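Counting with the working numbering, you get residues 48 to 205 for the letters of the sequence shown. Virtual Cβ for every residue (Gly too), placed ideally from N, Cα, C. Given the structure is predicted, the values throughout are model-derived calculations rather than measurements. See below for the structure under consideration.
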Amino acid sequence: EAQWFVLKMLAFNKRLRLLAEKINQGIEFDSDHLLEKHFYTGLLMEASGDTATARQNYELIAYMNPFFEEAVIHSAEFISLRDGFEAYKILLSALEINPKSIKLLKAYIKQCARVELNTYAENSLEELKTLVSPEEYREVRNQYDLLVKEVVEEAENF
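Right under this line is the structure:
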């Protein structure tokens, strides 16, 4: 069980070279850890520049387990580079199944800003306000407002 925790921490902290080394030491991914295998493969392929293989792995896990928040969020962020609305759908689907996740809610709010679904973002910000400290809410709100401004400026310069 400790080896799975180590892999998760390495992935979470973006220590990808160490992650690859640990995996290459002969870790066998059983059926209970296939989601992690696809996530780690996606991270390593993305880092090596193989974005097609990375995307395949992220697409496999994007809708599989909304309780593996880091994998869902990273998958959505990667997919958002090409398809913002697909990323939005990934996060929406995850929130429908895991509605108590503050991490997913924050990612969803940011993705709403990216695809200009600001009414949905505003509703979610109101929900977030009841779940986090005032300081954390202000931080997320400021990030959201900045992102909305960037999206508007990008559209104007297009």
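First and last residue of the uninterrupted alpha helix (DSSP H) at N165: For N165, the uninterrupted alpha helix (DSSP H) run begins and ends at N165 to K176, by DSSP.
V179 - DSSP class collapsed to helix/strand/coil: DSSP places V179 in coil when its eight states are reduced to three.
Host alpha helix (DSSP H) of L91 (start-end): Here the alpha helix (DSSP H) through L91 covers L81 to S95.
Extent of the continuous alpha helix (DSSP H) to which N104 belongs: According to the DSSP assignment, N104 belongs to the alpha helix (DSSP H) that extends over T98 to I108.
Proximity of I108 and H85 at Cβ, strictly below 8 Å: Contact: yes.
Rounded straight-line distance, which links the Cα of S122 to that of D130: One alpha carbon belongs to D130, the other to S122, and they sit about 12 Å apart.
Inter-residue Cα distance where the pair is E124 and T177: Distance between the alpha carbons of E124 and T177 is about 25 Å.
Segment limits, alpha helix (DSSP H) that includes F205: Element bounds for F205: n/a, residue is neither H nor E.
DSSP three-state assignment for A71, whether helix, strand or coil: Reading off the sequence shown, one finds Asn at residue 71, where the question assumed Ala. Reduced to three states, the DSSP call for N71 is helix.
Candidates Y87, E183 and E116: closest to K150 by CA position: Nearest option by C-alpha distance: E116.
DSSP three-state assignment for V162, whether helix, strand or coil: DSSP places V162 in coil when its eight states are reduced to three.
C-beta contact flag for D156 and Y184 at 8 Å: The residue asked about is misnamed: residue 156 is Ile in this sequence, not Asp. For I156 and Y184, no; Cβs fall outside 8 Å.
Proximity of F114 and N145 at Cβ, strictly below 8 Å: With a cutoff of 8 Å on beta-carbon distance, F114 and N145 are scored as near each other.
Element boundaries [alpha helix (DSSP H), containing L138]: First-last of the alpha helix (DSSP H) with L138: G131 to I144.
Expected contact under 8 Å - CB spacing of V195 and N170 to nearest Å: Not confirmed; about 15 Å, so no contact.
Own chain partners of K153 with C-beta closer than 8 Å, once the 5 adjacent residues on each side are dropped: The residues are L175 and V187.
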